[in-house]
Every structure is written in structure tokens, then in C-alpha cells.
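Asker: Take a look at this one; I'll ask things after.
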Amino acid sequence: MFELNGIIKVKKDEQKVSDAFKKREFVVTDNSSNYPQHIQFQLTQERCRLLDDINVGDQVKVSFFIKGREWQGKDGGGVKYFTSLDAWRVERSSGGSSKEYSQESQAPASYSDSSLPNAQEQDDLPF
């Protein structure tokens, strides 16, 4: 598990990728070095609600896991690798409320390419 402190820069709407999978992306700006870093995270499934009470400009601490996966294109289109930063807790750093889920849902949900319908049959990227 990793943690990052920063300021919410972008808060996107929830996206329904399929009937069984939804995600919500957001960007946190980390100003701890000489050059600001704008880091995109994603929330999945019921965790999408974690951003409901957090606004752009809020100081937050994000707890997250790094996930990586392989994607094989059709007809020998080559292999691509994708990395995502899956947030499981987002809390305001300067007072305010904290939102997280119970112990049983804090562990990262395991999902693979097979959790996306027809992932093997698509020519385009599955997201």
C-alpha cells in the first residue's frame, strides 16, 4: 500500500465501463518537490462514492495500490502493458471528513481482463 498527500486538481464523473464494472478517475497534485506532479488515480465499483463529498482544491491523503496488466492486441497487434493507481481510501488532510470502507472491502478487489466483457474480442483498448 502507498499513500500520497496533495490537492484534488480534477474530479471526473463516474464511468460505467460495462454492466459489471464502473470506475471514477481523479487527479491529485503533489507539490512536495521542485516540480508539481499531477497524478491520476482511479476508484472502482462501490469505491466511486469516495469522492462525493470531496471537492476540487481540497487537500487530501490518498491510500492506493499499484496494479498492472498485460493486453494482447488482435492479429499479432503486439503486447501492451497498463498500470493503474487504484485508490481505496481518500481523506481530507486538513480536518474534514474521512471516507473509507470496512476492513473486508479495503483490500484491493482482484479483477482481470476477464472482468471486462468481451475483453478478448475487442480490437480497441478495453477502457
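Residues 894 to 1020 (the working numbering) make up the sequence shown, in order.
Cβ coordinates follow ideal geometry from the N, Cα and C atoms, glycine included.
Can at least three beta-carbon pairs, one atom from the region 956-971 and one from the region 902-916, be found at a separation below 8 angstroms?
Answerer: No, because fewer than three Cβ pairs between the region 956-971 and the region 902-916 fall closer than 8 angstroms, the two stretches do not touch.
Asker: Exposed or buried, T937, counting other C-beta atoms within 10 Å across all chains shown (16 or more means buried)?
Answerer: Burial call: buried.
Asker: Secondary structure at D979, three-state DSSP: helix, strand or coil?
Answerer: Of the three classes helix, strand and coil, the one that applies to D979 here is strand, per DSSP.
Asker: Where G950 and Q965 are concerned, what is the direct C-alpha to C-alpha distance, given to the nearest angstrom?
Answerer: Their Cα atoms are separated by approximately 38 angstroms.
Asker: By alpha-carbon positions, which one of T976, I947, A980 ends up nearest to I901?
Answerer: The shortest C-alpha separation from I901 is found at I947.
Asker: Check this for me: beta carbons of D906 and Q935, under 8 angstroms apart or not?
Answerer: The answer is no: Cβ separation not under 8 angstroms.
Asker: Tell me the rounded alpha-carbon separation between Q908 and Q930.
Answerer: Each residue's Cα considered, the two are about 24 angstroms apart.
Asker: Thinking just about the alpha-carbon of each residue, which of F975, V955, Q952 is nearest to the one in G961?
Answerer: Of the candidates F975, V955, Q952, the one whose C-alpha sits nearest the C-alpha of G961 is F975.
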